[in-house]
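Engineer:
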Amino acid sequence: MRDIYIIGTGISPWLGFSEQVFTNFGTVAIDNALKDADIEWKQIQAIMAGIFVWGGNAGHLSGQYHESIFGETGVPVINVWNACATGIAALQMAYNSVASGQTDTALAFGADVSPKGFFAAKTDDAVQDRDVIRWKMVGMPNPVYWALECKKRMAKYGTTEEDLALVKVVMSEYGSKNPGARFKRAYTLEEVLASPYVVDPLRLYMICPVATGAAAVIVTADRKLISRADKPVKINAVTMGSAMYGDPTIRIGVVSCPAVPEAPLLSESYSASRQCYEKAGIGPEDVEYFELPDNSSWHYLAYLECCGFCEEGGAEKMLRDGETKIDGRLPTNLSGGFSSHGEAVAAQALWQVIECANQLRGRCGERQVQKKIKVAMAQTYGLMGNSGTTILTI
Amino acid sequence: MGNVSNMVARIPGLIDWWSTGEVRLIGAKCNSCNTYFFPKDHHQHRPGCSREGVEEVLLPNKGKLVSYTIMRYTPPPPFKFEQSIVPYGVGLVEFENERIQVAGIITDTDLKSLKLGMKMETVTLRMFTNDEKQDVVTWAFRAVK
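For the protein sequence lines, the chains are A and B, in the order given.
Those letters in the first sequence? Residues 20 to 413, by my numbering.
Those letters in the second sequence? Residues 18 to 162, by my numbering.
#1: Run through chain A and tell me which residues come within less than 7 Å of B:S84, C-beta to C-beta.
#2: For chain B, find out if any of its Cβ atoms is closer than 9 Å to the Cβ of A:C276; answer yes or no.
#3: Taking A:F137 as the query, report the chain B residues whose CB atoms sit under 7 Å from its CB, ordered along the chain.
#4: Measuring CA to CA, which of A:I345, A:L320 and A:K344 is closest to A:G333?
#5: Kindly indicate if chain A contains any beta-carbon less than 9 Å away from that of B:V40.
#6: Looking at the strands, I want to know which residues DSSP matches up with B:A26.
#7: Going along chain B in order, which residues have a C-beta closer than 7 Å to the C-beta of A:D22?
#8: Write down every uninterrupted run of the beta strand (DSSP E) in the segment 385-411 of chain A whose length is 3 residues or greater and which is fully enclosed by it, in chain order.
#9: Cα-Cα, which of B:R63, B:N78, B:I28 and B:T86 is closest to B:E138?
#10: Please check if any C-beta of chain B sits within less than 9 Å of the C-beta of A:W370.
#11: In the DSSP output, what is A:E59 paired with across the bridge?
#12: If you measure from the beta carbon of B:T139 to each beta carbon in chain A, is any gap under 9 Å?
#13: I want to see whether chain E comes within less than 9 Å of A:I271, judged by CB atoms only; does it?
#14: With H, G and I counted as helix, E and B as strand and the rest as coil, what does DSSP make of B:E39?
#15: Go ahead and pull the three-state DSSP assignment for B:N111.
#16: In or out: A:V394 buried (at least 16 other Cβ within 10 Å) or exposed?
#17: Can you pull the chain A residues whose beta carbon is under 7 Å from the beta carbon of B:M88, in chain order?
#18: Does DSSP put A:Y264 in a helix, a strand or coil?
#19: Just confirm the distance between the C-beta atoms of A:Y176 and A:E335, as a whole number of angstroms; I'd bet it's less than 8 Å.
#20: Going along chain A, which residues have a C-beta under 9 Å from B:W156?
#21: By how many angstroms is the C-alpha of B:P95 removed from the C-alpha of B:G19?
#22: Per DSSP, what kind of secondary structure is A:V146 in: helix, strand or coil?
#23: From the DSSP output, in three-state form, read off A:P32 for me.
#24: Quick one: give me the first and last residue of the alpha helix (DSSP H) that A:I88 is part of.
#25: What are the uninterrupted segments assigned as alpha helix (DSSP H) that are 4 or more residues long and contained completely in the segment 143-184 of chain A, given in chain order?
#26: Report the three-state DSSP secondary structure of A:P277 (helix, strand or coil).
#27: B:Q100 CB to nearest chain A CB: under 9 Å?
#28: Rounded to whole angstroms, what's the CA-CA distance from A:K187 to A:L323? Just pull it up for me.
#29: Whole angstroms are fine: how far does the CA of B:S101 sit from the CA of B:W35?
#30: Where DSSP assigns a beta bridge to B:V71, which residues make up the other side?
#31: Based on Cα-Cα distance, which residue from B:D148, B:V140 and B:E149 lies nearest to B:G38?
#32: Output the residue ranges of the beta strand (DSSP E) runs that lie fully inside the segment 97-138 of chain A and measure 3 residues or longer, sorted by chain position.
#33: Please compile the residues from chain A whose C-beta is within a distance smaller than 7 Å of the C-beta of B:P56.
#34: Just confirm the distance between the C-beta atoms of A:A368 and A:C169, as a whole number of angstroms; I'd bet it's less than 8 Å.
#35: May I ask you to report which of helix, strand or coil DSSP gives A:G45?
#36: DSSP three-state call for B:M18: helix, strand or coil?
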């Protein structure tokens, strides 16, 4: 297979709710990626777009919308939706398009303007849309699921409220140093513990909000473009995973789960990460920088274990010992994470990859890992059992 | 629970309060891979299962509380209650023999009394009255006294 490199990345900085059309943000991200790659729009040979689900049918064709803005060139445009892993689905299709030789240079992007408040049901039809049941019958916004898992974790491993608060303290310390972050304030443990409960034991500052944002990545196997690029980053593997039978996680969108585990918790992410380790020939012991999906403080702890960076029940110790901090064994989420940005569903998985690429390219200023790093990994989380992992090297 | 004969589930096919004298959730069991499902149509077979012999079953009325949270804000529509119930508990109740855990609203108002491992029973919970003057209900869980 050909070696495939990221030569350009771009984002439109994360915001709260916006009245503007989502393409305004996508256009900024794509423009920035083209500039970073130092190529022209006409050199893009395929467009893999994250679907914008909040816009109805027209908005679903996010790729076509953006292509028309930059100028229609007749190249393949594919729109894809995998919930929070949407961006990795787009990236994997761009990667595969180039790897197979169908194209040499491809764009993956996602742009999102989330509705206000909790994500809600999109239809009223409980027959065709099983997601309706949790809303009509139980009243279960996404954080309820995270709280149910968090409560189980606390009972099993003795996780404390201070541990959950410490995640936010660490995230906000780095978010405050990230010019692209939406929340740039560093919080103390006391402040986090004084924030109101939303879904006990999770408090307001332990849960990420919804957001507006866009991210774009340009990949290529074209030697000329790679040699011209500013610190190109190799994609060693990009993989998607789905859930495995017997996964005990109470998965967003459903109202039941197995009582007897026959698969790991968050099995879709376990699967994606193990596939990625195998394909890349790189294991968790080799990873020097990590972006994980901190939708809540529970996710932060669960994902350190799910991806194999410590044993089950060991994440609290990693956190307390500072192993995930900028000078630790595994610097994690020096972006400030979703905690400092919020979820822009179609874009966020690509944004995680970009944060990893920025660390490898030494572009992170105050929050740049001090030692020279060569291997980074981005891990996503998506509802209804889908996930993606990307391993990058420089 | 109000007048049982004047009760209607907000979504049909999930709750049975007429067959056994107890409130029971309507699930399904696959006799090939021995997996229980709830709701009954949301099949999650073991890979390689022939998927033959799926039958409707009623889950037991009683189970064990294995996790819970307290919801402090009102969810957006289509969540609907005549009067605000916030804050309310959401629990995960395990039906041990069926090897399944089901989520539902907890009707107990003393939320401090909730403890993991508590025995819970399935009940109906009135949400609002419809245009036909029927009580529209969901399933919920309540600590067994």
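All C-beta atoms in this analysis are idealised placements derived from N, C-alpha and C, irrespective of residue type, glycine included.
Structural biologist: Taking the geometry as given:
#1: As a working mapping, residue 84 of chain B is identified with position 67 in the second sequence. Within 7 Å Cβ-Cβ: L167, K170 and K171.
#2: Locating residue 276 of chain A in the first sequence gives position 257, counting from the first residue. Chain B, which has a Cβ nearer than 9 Å to the Cβ of A:C276, makes this yes.
#3: Sequence index remark: in the first sequence, residue 137 of chain A carries index 118 (1-based). Neighbours of A:F137 on chain B, chain order: P92 and P93.
#4: Position 314 of the first sequence, counted from the start, is the residue given in the question as residue 333 of chain A. Comparing Cα-Cα distances from A:G333 to each of A:I345, A:L320 and A:K344, the minimum goes to A:L320.
#5: Here residue 40 of chain B is taken as the residue at index 23 of the second sequence, counted from 1. Chain A contact via Cβ: absent.
#6: On the second sequence, position 9 is the one that residue 26 of chain B refers to. According to DSSP, which records beta bridges pairwise, B:A26 is partnered with B:V154.
#7: Reading the first sequence from its first residue, position 3 is the one you call residue 22 of chain A. Here the premise fails: no neighbours, minimum Cβ distance about 34 Å.
#8: 394-398
#9: As a first step, residue 138 of chain B is located in the second sequence; it is residue number 121 there, counting from the start. Among B:R63, B:N78, B:I28 and B:T86, the Cα nearest to that of B:E138 belongs to B:N78.
#10: For the purposes of this step, residue 370 of chain A is taken as the residue at position 351 of the first sequence. With respect to chain B, the C-beta atom of A:W370 has no partner C-beta closer than 9 Å.
#11: Here residue 59 of chain A refers to the residue found at position 40 when the first sequence is read from its first residue. Note: A:E59 sits in no beta bridge, so no partner.
#12: The sequence position of residue 139 of chain B within the second sequence is 122, counting from 1. Chain A, which has no Cβ nearer than 9 Å to the Cβ of B:T139, makes this no.
#13: Among the protein chains of the structure shown, namely A and B, there is no chain E.
#14: Sequence index remark: in the second sequence, residue 39 of chain B carries index 22 (1-based). Three-state result, B:E39: coil.
#15: As a working mapping, residue 111 of chain B is identified with position 94 in the second sequence. Looking at the sequence shown, residue 111 of chain B is not Asn but Glu. Three-state result, B:E111: strand.
#16: If you number the first sequence from 1, residue 394 of chain A lands on position 375. Label assigned to A:V394: buried.
#17: Here residue 88 of chain B refers to the residue found at position 71 of the second sequence. The answer, in chain order, is G158, V163 and V218.
#18: For the purposes of this step, residue 264 of chain A is identified with residue 245 of the first sequence, where counting begins at 1. Reduced to three states, the DSSP call for A:Y264 is coil.
#19: Locating residue 176 of chain A in the first sequence gives position 157, where the first residue counts as 1. Locating residue 335 of chain A in the first sequence gives position 316, where the first residue counts as 1. Yes, A:Y176 and A:E335 are in contact; Cβ-Cβ is about 7 Å, under 8 Å.
#20: By 1-based counting over the second sequence, the position of residue 156 of chain B is 139. Ordered by position in chain A, the residues that pass the 9 Å Cβ test against B:W156 are M156 and V157.
#21: Taking the first residue of the second sequence as 1, we reach residue 19 of chain B at position 2. Taking the first residue of the second sequence as 1, we reach residue 95 of chain B at position 78. For B:G19, the predicted structure reports a pLDDT of 48, less than 50, and the residue's modelled location is therefore unreliable. A value from the coordinates is still provided. Answer to the nearest angstrom: the Cα atoms are 23 Å apart.
#22: Position 127 of the first sequence, counted from the first residue, corresponds to residue 146 of chain A. A:V146 falls in the coil class under three-state DSSP.
#23: The sequence position of residue 32 of chain A within the first sequence is 13, counting from 1. A:P32 falls in the strand class under three-state DSSP.
#24: Reading the first sequence from its first residue, position 69 is the one you call residue 88 of chain A. From DSSP, the alpha helix (DSSP H) with A:I88 extends over S81 to F89.
#25: 161-176
#26: The residue you call residue 277 of chain A lines up with position 258 of the first sequence. Three-state DSSP puts A:P277 in a strand.
#27: Here residue 100 of chain B corresponds to residue number 83 of the second sequence, with the count starting at 1. No, B:Q100 lies away from the interface with chain A (no Cβ there is under 9 Å from its Cβ).
#28: Residue numbering aside, residue 187 of chain A sits at position 168 when the first sequence is read from its first letter. Residue numbering aside, residue 323 of chain A sits at position 304 when the first sequence is read from its first letter. Looking at the two C-alpha atoms, the distance is approximately 15 Å.
#29: Residue numbering aside, residue 35 of chain B sits at position 18 when the second sequence is read from its first letter. Residue numbering aside, residue 101 of chain B sits at position 84 when the second sequence is read from its first letter. Approximately 28 Å, taken between the alpha carbons.
#30: For the purposes of this step, residue 71 of chain B is taken as the residue at position 54 of the second sequence. Note: B:V71 is bridge-paired with B:C47 in the DSSP secondary-structure output.
#31: Indexing the second sequence from 1 puts residue 38 of chain B at position 21. For B:G38, the nearest C-alpha among the options comes from B:V140.
#32: Those beta strand (DSSP E) runs which fall completely within the segment 97-138 of chain A and span 3+ residues are 124-132.
#33: Locating residue 56 of chain B in the second sequence gives position 39, where the first residue counts as 1. Under the 7 Å cutoff, chain A gives I152.
#34: Walking along the first sequence from the start, residue 368 of chain A turns up at place 349. Walking along the first sequence from the start, residue 169 of chain A turns up at place 150. Their Cβ separation, rounded to whole angstroms, is 23 Å, which puts A:A368 and A:C169 out of contact at 8 Å.
#35: Start at 1 with the first residue of the first sequence, and residue 45 of chain A comes out as number 26. Looking at A:G45 - three-state DSSP - the assignment turns out to be helix.
#36: Indexing the second sequence from 1 puts residue 18 of chain B at position 1. Any reading at B:M18 must be qualified, since the residue scores a pLDDT of 47, below 50, and its modelled position is unreliable; the value itself is stated next. Three-state DSSP puts B:M18 in coil, outside helix and strand.
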